[in-house]
Amino acid sequence: MTVTGTGNAPDVVDVVALGESMVTFLPSRPGRLADVPAFDRGIGGAESNVACVLAAAGHTTRWISRVGADGFGDHLVETIGGYGVDVSHVRRDPARPTGVYFRTAGDRATDAHEVAYYRAGSAASAMSLADTDLDAVHAARILHLSGITPALSADCLALMRALTAPRPDRPLISFDVNHRPGLWHGDHRPEVLLELARGADIVFVGDDEAREAWGLHGARAVREALPEPEIVVVKQGKGGAVAFDKDTDGLVREDATGTATFVRALNVDVIAAVGAGDAFAAGFLSATLRGLPVRDRLRHGHLMAAAALTTPGDLAPPPPRALADRLVALDDTEWGRLRLGPGWTRADEDERAEKEARTP
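Mapping of the sequence shown onto the numbering used here: position 182 corresponds to residue 1001, and the numbering continues sequentially without gaps.
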């Protein structure tokens, strides 16, 4: 699969990411939300995280959303723009607030955490086809979306259906399922995520998400349920990730062992398990934009995820491209011996970082 431009418009960017971002309040110490006395402010948003990581990696990116005409909206726009992301198409809503949420210091991937969302009726939940700048959305080589947006409102779902509908001039559509059970209620059902994923070109989904949202067990079952996308990446947590891609005949390509491309995850000294999925998607998309083979795309995804895992917060500086490319080029044995810890991505210490990364 080759990514091409969408025209000669001067504002075409590598990646447009559309979705809600919120101001995040992170606890000053471990404990229940009821017991934490103070919080540090950050930002959180699956789509904007991808845009920020890609911008830091040298790609041109744009974030499209709605925020309130309030201080929290100012903070989001200024912070995301500070990463080099084009935020000129973010719309301000004078009638609705910017979403916020609080979380404890526990791992969001386990039950050892609390998250309190205050996003109902947020400015982003009012995103719709009628008030979205579609020219700015389509002026991308890749349009990145997630399954969070359609759960926000009926208008958001209609927008997502329109963006993933077949059309001759649309950019490549990247869709991260990002199943959030707490967002799906009433008439909204997570089955719609399967519908949207089938309209995408690249799909990212965790095997745990596929089980919970769709009742699918195993990577092969996920691919069989998603025959349309060019590439389906099934993330298997600490085990790794498998990518199914199509050949020129439109058939799922299998190697001699009957499996698709699998790359094991790296050994990482985890500081915080936050933002790794978004970073993985950013690494995979970065390598896609560069026309790299699927194995290398998966490896770049794992390296970006490792950068997020070895730093606190949702966003982490990506590894320098030269360092990442050298690590991606390792043979399978060397790749399996890598162990990455805090500080390995520092650009001014490439050689030291690579030496440490190679040390079992």
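Glycine is no exception: its CB is placed at the ideal position from the N, C-alpha and C atoms.
ask   = Where in the stretch 833-881 do unbroken runs of the beta strand (DSSP E), each at least 3 residues long, occur, reported from the N-terminal end onward?
value = With a minimum length of 3 residues, the unbroken runs of beta strand (DSSP E) contained wholly in the stretch 833-881 fall at 841-846, 858-863.
task = Return the CA-CA distance between V1147 and S884, expressed in angstroms with no decimal places.
result = Approximately 34 Å, taken between the alpha carbons.
task = Scan the stretch 888-924 and note each continuous alpha helix (DSSP H) run of 4 residues or more that stays entirely inside, going in chain order.
result = Complete alpha helix (DSSP H) runs here, min 4: 890-901.
message = Please list the terminal residues of the continuous alpha helix (DSSP H) segment that includes V1041.
response = First-last of the alpha helix (DSSP H) with V1041: 1038-1044.
Delimiting residues of the alpha helix (DSSP H) encompassing L964 = Under the DSSP assignment, L964 falls outside any alpha helix (DSSP H), being part of the beta strand (DSSP E) whose first and last residues are 959-965.
request  = Buried or exposed for T1107, please, with buried defined as at least 16 other CB atoms from any protein chain shown within 10 angstroms of its CB.
outcome  = That one is buried.
key: S947 - containing alpha helix (DSSP H), residue span   = In the DSSP assignment, S947 falls outside any alpha helix (DSSP H) and carries neither an H nor an E.
query = Is there contact between the stretch 895-907 and the stretch 864-874, where contact requires at least three CB pairs shorter than 8 Å?
reply = The stretch 895-907, when compared against the stretch 864-874, does touch it at the 8 Å Cβ threshold.
message = Residues in the same chain with beta-carbon distance under 7 Å from P990, minus the five sequence neighbours each way, listed in chain order, please.
response = Closer than 7 Å at the Cβ level, and outside the excluded window around P990, lie T825, H957, A959, R960, I961, L962.
task = Determine the closest residue to R1140 out of A939, H894, W1163, A1029, with distance taken between C-alpha atoms.
result = Selected option, being the one with the closest Cα: W1163.
ask   = Can you tell me whether D953 is buried or exposed, with buried defined as 16 or more other CB within 10 angstroms of its CB?
value = Checking the displayed sequence, the identity of residue 953 turns out to be Leu instead of Asp. So L953 counts as exposed.
query = Short check: CB of A942 to CB of G903, under 8 Å?
reply = Their beta carbons are not under 8 Å apart, which means A942 does not touch G903 by this criterion.
inquiry  = Under 8 Å: do the stretch 1035-1046 and the stretch 1011-1020 share three or more Cβ pairs, one atom per stretch?
reply    = Of all C-beta pairs linking the stretch 1035-1046 to the stretch 1011-1020, three or more are shorter than 8 Å, placing the two stretches in contact.
inquiry  = If you follow the alpha helix (DSSP H) that G1102 is in, where does it begin and where does it stop?
reply    = From DSSP, the alpha helix (DSSP H) with G1102 extends over 1095-1108.
key: Enclosing beta strand (DSSP E) for D1059 [first to last residue]   = Contrary to the premise, residue 1059 reads as Gly rather than Asp in this sequence. For G1059, the uninterrupted beta strand (DSSP E) run begins and ends at 1059-1064, by DSSP.
request  = Starting from the Cα of P916, find the closest Cα among G887, S907, R922, V934 and give me that residue.
outcome  = Checked all of G887, S907, R922, V934; the closest Cα to P916 is G887.
ask   = What's the C-alpha gap between R911 and D889?
value = Approximately 9 Å, taken between the alpha carbons.
task = Note the first and the last residue of the continuous beta strand (DSSP E) segment covering L991.
result = Annotation: the continuous beta strand (DSSP E) that includes L991 extends over 991-995.
query = Are the beta-carbon atoms of A1060 and G1120 separated by less than 8 Å?
reply = Note that the C-beta distance between A1060 and G1120 is below 8 Å.
ask   = What is the DSSP secondary structure of A1125, counted as helix, strand or coil?
value = It is helical.
task = Drop a sphere of 10 angstroms on the beta-carbon of K1057, count the other beta-carbons inside from all chains shown, and report buried for 16 or more, exposed for fewer.
result = It counts as exposed.
query = Since S947 and F994 are thought to touch, with beta carbons under 8 Å apart, how far apart are those beta carbons, to the nearest angstrom?
reply = With a contact defined as Cβ atoms closer than 8 Å, S947 and F994 miss out at about 19 Å.
ask   = Given that a residue counts as buried once 16 or more other Cβ atoms are within 10 Å of its Cβ, and exposed if not, what is P1137?
value = Buried, because 16 or more other Cβ atoms sit within 10 Å of the Cβ of P1137.
inquiry  = Our contact map puts V1052 next to F1023 with C-beta atoms below 8 Å; I'd like the distance itself, whole angstroms only.
reply    = At roughly 5 Å, the Cβ-Cβ gap stays under 8 Å, so V1052 and F1023 are in contact.
query = Would a C-beta distance cut-off of 8 Å place D1088 and G1160 closer than the cut-off?
reply = Yes, the pair counts as a contact, with Cβ atoms nearer than the cut-off.
ask   = D1068 to D1151, Cα distance in whole Å?
value = Only weak support exists for where D1068 lies, its pLDDT of 44 falling under 50; the coordinates are left without a value.
ask   = Expressed to the nearest angstrom, what Euclidean distance is found between the alpha-carbon atoms of D905 and G1096?
value = Rounded to whole angstroms, D905 to G1096 spans 22 Å at the Cα level.
request  = Would you give the residue range spanned by the beta strand (DSSP E) that A790 belongs to?
outcome  = It is not possible to answer for residue 790, since the shown part of the chain is limited to 820 through 1179.
query = Starting from T968 and walking both ways along the alpha helix (DSSP H), at which residues does that stretch end?
reply = That residue, T968, is in no alpha helix (DSSP H); it is neither H nor E in DSSP.
query = So L1134 packs on G1094, CB below 8 Å; how close in whole Å?
reply = 6 Å between Cβ atoms; contact.
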